[in-house]
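Let me begin by presenting the structure, written as structure tokens, before commenting on it.
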Amino acid sequence: MTKDIFTVISTMKNEGPFVLEWVSHYKSLGFDNILVCTNDCEDSTRELLRALERKGLVRHHPTRIWPRAGIHRSALKQALRYDEVKQADWNFVCDVDEFLNIKIGDGSVRALVEASGPGADVIAVPWRNFGPGDVRRFTDRPVTHQFRLAEHTPATRKEAGKFVKSLFCGLEKYRRVGIHAPIPHDDWEGRINTVSPGGVPTTVDGERVQPSFEVAQVNHYALRAMETFLVKRARGRANHMSHTLGMQYWKRFDLNDVPDNSIRRYDALVNGWLSSFMADPELRSLHEQSVEWYERRITELRADPELADLVREIDEFRGVQPRRPALRVVGAA
51 MTKDIFTVIS TMKNEGPFVL EWVSHYKSLG FDNILVCTND CEDSTRELLR
101 ALERKGLVRH HPTRIWPRAG IHRSALKQAL RYDEVKQADW NFVCDVDEFL
151 NIKIGDGSVR ALVEASGPGA DVIAVPWRNF GPGDVRRFTD RPVTHQFRLA
201 EHTPATRKEA GKFVKSLFCG LEKYRRVGIH APIPHDDWEG RINTVSPGGV
251 PTTVDGERVQ PSFEVAQVNH YALRAMETFL VKRARGRANH MSHTLGMQYW
301 KRFDLNDVPD NSIRRYDALV NGWLSSFMAD PELRSLHEQS VEWYERRITE
351 LRADPELADL VREIDEFRGV QPRRPALRVV GAA
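Those letters in the sequence shown? Residues 51 to 383, by the working numbering.
What follows is the structure, encoded as structure tokens:
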């Protein structure tokens, strides 16, 4: 199996409750390096990442937002300064709500590269969107355990798998690292070999080949619980910064068509990492602080009369009867 070096790059803001599970997942897949760029965090996300950095598990980068570049583009451009990215054989860009899910071999990122054949420059892994199901409230439990209903496969739903997240090699071939795919230099235009997981070309004779979730997918938890969505909306978007998340966004990702538990293959490995993190007093304390901040923020947002219409619209769309908020006890991950 390949001895290549693998790096995952991400951007985060106010994502503290989800950091340890996400890091545990990518460590379980065999990623050698994790680089996380943050900006303007109000919770303990930065402190948590810095603590992980001191333990040699993560590299944290405070993003400086450049004029006209936006948060995401600024972060990804600045990520290229780090040896973890420059010296990696393969890089993968994703957000904290995106979990690479490899269904072949031992489930490692190395197995994905081996299965996709030699000569691939980009392995374009299709998004698979997961809806909130019946979960309305934020709870301190692993995301991958809570949300198990996904959209249909591309064979049933035409839009499924339309967007991808890319595992790519040969950093020198690209002028920019994009959110969904790297952008090649002019002299590499048309020469980049992009394949789907397993090595199937993404296009044949200029026509897009229907994507498949059979070999690998990226579990995309865009909404998570309704309360989590409120915090995400208040945080704002790293891409399309002028856009405000509302019902249009909710309806786009509220997809709960079929159960998909394939990511549970990683449970034992992820639980091992999570247990070790939560056994560390510093990491546990910072995680619990982030959960407390998230709970306070939810309480503030639920009390905001300007959001009452949005909450009502979501409940009406989902056929949920309005209920008074109940007190919640948040447990450890």
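Ideal Cβ placement from N, Cα and C applies to all residues, glycine included.
Values in this document were obtained by computation on a predicted structure and should not be read as measured data.
Tell me, please, which residues DSSP counts as bridged to residue i.
i, result
"residue 178", "269"
"residue 110", "86"
"residue 115", "None; residue 115 has no bridge partner."
"residue 142", "58 and 217"
"residue 152", "266"
"residue 259", "Answer by DSSP bridge pairing: none, since residue 259 is not bridged."
"residue 244", "172"
"residue 253", "258"
Can you say whether residue i is buried or exposed, counting buried as having 16 or more other CB atoms within 10 angstroms of its CB?
i, result
"residue 323", "buried"
"residue 288", "Summary for residue 288: the model assigns pLDDT 47, below 50, so the residue's position carries little reliability, and this model does not support an answer."
"residue 104", "exposed"
"residue 337", "buried"
"residue 53", "exposed"
"residue 373", "Because the pLDDT at residue 373 is just 46, under 50, the model does not fix this residue reliably, and the value given afterwards should be weighed accordingly. So residue 373 ends up on the exposed side."
"residue 311", "exposed"
"residue 294", "exposed"
"residue 134", "buried"
"residue 148", "buried"
"residue 362", "exposed"
"residue 292", "Only weak support exists for where residue 292 lies, its pLDDT of 43 falling under 50; the coordinates are left without a value."
"residue 254", "exposed"
"residue 318", "exposed"
"residue 67", "buried"
"residue 122", "buried"
"residue 78", "buried"
"residue 325", "exposed"
"residue 267", "buried"
"residue 358", "exposed"
"residue 256", "exposed"
For a quick check, are the C-beta atoms of residue i and residue j less than 9 Å apart?
i, j, result
"residue 64", "residue 92", "yes"
"residue 151", "residue 178", "yes"
"residue 281", "residue 188", "yes"
"residue 260", "residue 205", "yes"
"residue 340", "residue 94", "yes"
"residue 258", "residue 193", "no"
"residue 81", "residue 143", "no"
"residue 320", "residue 71", "yes"
"residue 162", "residue 232", "no"
"residue 264", "residue 153", "yes"
"residue 271", "residue 327", "no"
"residue 57", "residue 145", "no"
"residue 113", "residue 99", "no"
"residue 238", "residue 215", "no"
"residue 129", "residue 55", "no"
"residue 284", "residue 347", "yes"
Just tell me which of the options has its CA closest to the CA of residue i.
i, options, result
"residue 141", "162, 220 and 354", "220"
"residue 76", "345, 88 and 108", "108"
"residue 226", "131, 303 and 209", "131"
"residue 301", "294, 224, 367 and 270", "367"
"residue 364", "346, 58, 124 and 181", "181"
"residue 210", "331, 262, 278 and 186", "262"
"residue 203", "369, 342 and 309", "309"
"residue 354", "335, 157, 129 and 277", "277"
"residue 102", "242, 332, 59 and 303", "332"
"residue 125", "90, 342 and 155", "90"
"residue 369", "186, 195 and 230", "186"
"residue 167", "268, 304 and 243", "243"
Cβ of residue i versus every heavy atom of the ligand GTP: is any distance shorter than 8 Å?
i, result
"residue 83", "As presented, the structure is devoid of all ligands, the ligand GTP included, so that no description of it is given."
Residue ranges of each alpha helix (DSSP H) within the region 158-236, 4 or longer
159-165 and 193-196
Could you tell me which uninterrupted alpha helix (DSSP H) segments, each at least 4 residues in length, are contained entirely in the region 273-321, listed from first to last along the chain?
276-285 and 297-303
Ignoring anything shorter than 4 residues or poking outside the region 54-88, list the alpha helix (DSSP H) runs there in chain order.
66-78
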